[in-house]
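Note sheet for the following structure.
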Amino acid sequence: ILSKIIFSKDDLFSIDPKLGIDKDLWGGYSLKAFGQRLGDFKLDFSDFSEMTKDMATYCNQDVDLTVQLLLFLLEKPNFPLEAVVDIEHKAATIIAEQTRFGFYIDIEKTRALNTKLLTEKLSLATELADIFSPKWLRDGPVKTYKKLSTTRKYLPDTTYIPLLGT
Numbered sequence: 002i003l004s005k006i007i008f009s010k011d012d013l014f015s016i017d018p019k020l021g022i023d024k025d026l027w028g029g030y031s032l033k034a035f036g037q038r039l040g041d042f043k044l045d046f047s048d049f050s051e052m053t054k055d056m057a058t059y060c061n062q063d064v065d066l067t068v069q070l071l072l073f074l075l076e077k078p079n080f081p082l083e084a085v086v087d088i089e090h091k092a093a094t095i096i097a098e099q100t101r102f103g104f105y106i107d108i109e110k111t112r113a114l115n116t117k118l119l120t121e122k123l124s125l126a127t128e129l130a131d132i133f134s135p136k137w138l139r140d141g142p143v144k145t146y147k148k149l150s151t152t153r154k155y156l157p158d159t160t161y162i163p164l165l166g167t
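Using the numbering used here, the letters of the sequence shown map in sequence onto residues 2 to 167.
If you want it as structure tokens, here you go:
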């Protein structure tokens, strides 16, 4: 969350090609992406079925990389205040719960609000149309011109008989 507060996606997309990190990680906020940005490449490990020495090495490297990332972020002049970080963490927790469990919504109240907002939008559009007249006004009836066809693109097949049921 801290990295998302400090770095915009645009910032990361402009930095990443210069640093030569993997293209699929450009603009990403993963620990793997920041590991490459900091020059401490994350180890490849996927077998978490039982505790092994390799898993311990992987976990230790993850912790070391996380500490390195935190120290890097703390040095940034735009590092957020503690209150901002707390609010972001609380919001992230709420969003994660909503993503996992969903949320309740009162359909009738939602429809009523939608109707109210659409009515207000129409009212404002009418009011604005009265205030701001269009740049171009018709000075007579709309004329449509039949385009003359100079070449025939195809000839109809007069022998074609469609099959029944198709």
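Glycine included, each C-beta is placed from N, C-alpha and C at the ideal position. Keep in mind it's a predicted model, so treat the numbers as computed, not measured.
Alpha-carbon to alpha-carbon, residue j and residue i
{"i": "SER31", "j": "ASP63", "result": "12 Å"}
{"i": "THR58", "j": "SER4", "result": "25 Å"}
{"i": "THR145", "j": "ARG139", "result": "14 Å"}
{"i": "ILE108", "j": "LYS117", "result": "14 Å"}
{"i": "LYS110", "j": "THR94", "result": "26 Å"}
{"i": "SER9", "j": "GLN99", "result": "24 Å"}
C-beta atoms of residue i and residue j nearer than 8 Å
{"i": "LEU26", "j": "LYS33", "result": "yes"}
{"i": "PHE14", "j": "GLY36", "result": "no"}
{"i": "LEU72", "j": "ASP41", "result": "no"}
{"i": "GLN69", "j": "LEU39", "result": "yes"}
{"i": "GLU89", "j": "ILE16", "result": "no"}
{"i": "PHE49", "j": "ASP55", "result": "no"}
Cβ neighbours of residue i in the same chain (closer than 7 Å, five flanking residues each side left out)
{"i": "ILE7", "result": "LEU74, LYS77, ASN79 and PHE80"}
Extent of the continuous alpha helix (DSSP H) run through residue i
{"i": "THR111", "result": "108 to 132"}
{"i": "ASN79", "result": "Note, ASN79: premise wrong, no alpha helix (DSSP H); not H, not E."}
{"i": "LEU13", "result": "10 to 20"}
{"i": "LYS5", "result": "3 to 7"}
Residues near residue i by beta carbon distance below 8 Å, same chain, minus five either side
{"i": "ASP12", "result": "none"}
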